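Below is one structure; the comments refer to it alone.
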Amino acid sequence: MSIYDFTVKKPGGEEYPLSEYEGKAMLIVNTATKCGLRGQFDSLEKLYKKYEDQGLVVLGFPSDQFGQELDDAAEAEEACRMSYGVTFPMHDIVKVNGKDADPLFKYLTENSKGFLGSNIKWNFTKFLIDKNGKLAARFSPKDKPESFEDEIQTFLTE
C-alpha cells in the first residue's frame, strides 16, 4: 500500500486521489481551529507559500476527535481561510484515532511512532511524505513547522 492509493474528501464531500500529488513532498496535518496550537496555521501557510513552487504541498485535515473543531468541514475551512489566511488544501473532518479512524490516518499512524506509540496524541501532529510517497517523518503537535524546515528542504532537492 502506498500513500497514493488513498482517496480523500474536500470539505464539500468531493473525493480525489492523493496520487494527484505524486512527485511532490506532502506535509499532512490533523488540524483544529479552536486548538491552543492553532497559531501553527500561520507557520504552515508560510512553509506552503515558500516551498509550493519547489514541490511542497501542505494538506490540512480537521479533526474534532479532541473536541476542538467546528461541526462542519466547510465552516472549518472558512475559519482557516478567514482567520489564518490559509490557502493550502483543507479537507473533510476526519477521525485520526480508533476503529473509526480515517484510512489515511490509520496508514500514517501504523507506519510511524509518536510519543504515545502509534496513536495521535493531539491536534497538529504532522507527517512528512517524500516526493516518492514514502512516509519520511512524524512530528509532534508541539513541533513548530519552522523547526523542521531543513528536513523539508532535503525532500525538495532529492
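When you read off a place in the sequence shown, starting at 1, and then add 299, the result is the number in my numbering.
Glycine included, every Cβ here is placed at the ideal spot set by N, Cα and C.
Quick caveat: nothing in here was measured; it's all calculated off a predicted structure.
Report the rounded CA-to-CA distance for residue i versus residue j, giving the unit in angstroms.
i, j, result
"residue 304", "residue 316", "7 Å"
"residue 400", "residue 406", "10 Å"
"residue 311", "residue 379", "15 Å"
"residue 353", "residue 455", "6 Å"
"residue 452", "residue 374", "32 Å"
Mind checking whether residue i and residue j have CB atoms under 9 Å apart?
i, j, result
"residue 369", "residue 325", "no"
"residue 363", "residue 307", "no"
"residue 327", "residue 425", "yes"
"residue 396", "residue 334", "no"
"residue 361", "residue 376", "yes"
"residue 302", "residue 433", "yes"
Quick check on DSSP: helix, strand or coil for residue i?
i, result
"residue 314", "strand"
For the alpha helix (DSSP H) that contains residue i, what are its first and last residues?
i, result
"residue 453", "448 to 455"
Taking residue i as part of the beta strand (DSSP E), name the residues at either end of that continuous run.
i, result
"residue 332", "Per DSSP, residue 332 belongs to no beta strand (DSSP E) and is neither H nor E."
"residue 438", "434 to 438"
"residue 308", "306 to 308"
Which ranges would you report for the beta strand (DSSP E) in the segment 341 to 424 if only whole runs of at least 3 residues count? Counting whole runs of 3 or more residues, the segment 341 to 424 contains the beta strand (DSSP E) stretches 355 to 361.
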